[in-house]
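Quick notes on the structure that follows.
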């Protein structure tokens, strides 16, 4: 590995030569020498330095972006080689969209930890667009999203079906009903997720495909906030049954089939379009495909 790239990235991320030296367990003069060597190699100054700060210049921005990719690919290569000689272990970076990441993924992680305790997962939660970008930028090994998604440079594979329902407050007018006509909810405020969210796309698809448009919408960036708002009587929403299991069991929310039929979509995994994955990633992908994420009582 090119040590000068690692030193450069650390200096930028720490914003300070002294802190970078401490992180790398080097002397500050050694750090400066590596930066100077890298600048000679690329033929340009990369950093603007004062006594108070270190900042990237335009050339530095280019080198920093590519250095992150190079270091990530080197780490991945080394891990693949190590996996040939050792049992499954090491870091596994997962980027998941909100419904799967917050309400389903914990079950899978608990199972994986029990069977493969040496795998160390690192989780980031974002909407579908953010998850895909994390895979494209080599910031995560595996992404998990809700609903349809396509990108020519990514491998995308549906691995499980999800069902979504209209979620309403526990009020007398909804009590004892298993379904509801969307036309009854035209005057209600519909609370939807932000653009880029798989849950938002599912709601918009339902509105369009069923020839229904609510008079009022509110856009919230948090599923938990949406649930609390529906409980408080602010409006209604469309959510996965995974997101409301606790509230349904406690009786604080009611789950209804829109026009007698739940909205169906898929959970899909996203990876780089390559046949090579770390052993930890291969194990996680196998568990996804076997639906090990789902507790038996809810499959």
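Numbering (the numbering used here), first residue to last: 142 to 440.
Here a beta-carbon is modelled for each residue, glycine too, at the ideal position from N, C-alpha and C.
These numbers were taken from a predicted model, which means no experiment stands behind them.
Specify, as a first and last residue, the run of the beta strand (DSSP E) that residue i falls within.
i	result
residue 413	404-413
residue 307	295-310
residue 399	394-399
residue 391	Run containing residue 391: none in the beta strand (DSSP E); it sits in the alpha helix (DSSP H), 386-391.
residue 358	357-360
residue 287	283-287
Grouping DSSP H, G and I as helix and E and B as strand, with all else coil, what is residue i?
i	result
residue 431	coil
residue 210	helix
residue 422	helix
residue 242	helix
residue 101	No answer is possible for residue 101: the residues shown for the chain start at 142 and end at 440.
residue 150	helix
residue 230	coil
residue 319	coil
residue 351	coil
residue 237	strand
residue 249	helix
residue 274	helix
residue 217	helix
Looking at the strands, I want to know which residues DSSP matches up with residue i.
i	result
residue 377	331
residue 341	DSSP, once it has assigned bridges, lists no residue as partnering residue 341.
residue 258	BP columns for residue 258 are empty, so no partner.
residue 196	189
residue 263	234
Classify residue i as buried or exposed, calling it buried when 16 or more other Cβ atoms lie within 10 Å of its own Cβ.
i	result
residue 214	exposed
residue 303	buried
residue 259	exposed
residue 294	exposed
residue 404	buried
residue 182	exposed
residue 338	buried
residue 437	Confidence in residue 437 is poor, its pLDDT being 42 and thus under 50, which makes the residue's placement unreliable; the coordinate value appears in the next sentence. Label assigned to residue 437: exposed.
residue 427	exposed
residue 399	buried
Quick check: residue i and residue j, are their CB atoms within less than 8 Å of each other?
i	j	result
residue 406	residue 288	yes
residue 195	residue 175	no
residue 321	residue 371	no
residue 161	residue 185	no
residue 394	residue 388	yes
Over the uninterrupted alpha helix (DSSP H) stretch that includes residue i, give me the two end residues.
i	result
residue 165	158-165
residue 326	Premise fails: residue 326 is in no alpha helix (DSSP H) and is neither H nor E.
residue 372	364-372
Quick check: is the beta carbon of residue i nearer than 8 Å to any beta carbon in chain B?
i	result
residue 260	The structure shown contains no chain B; it holds only a single protein chain.
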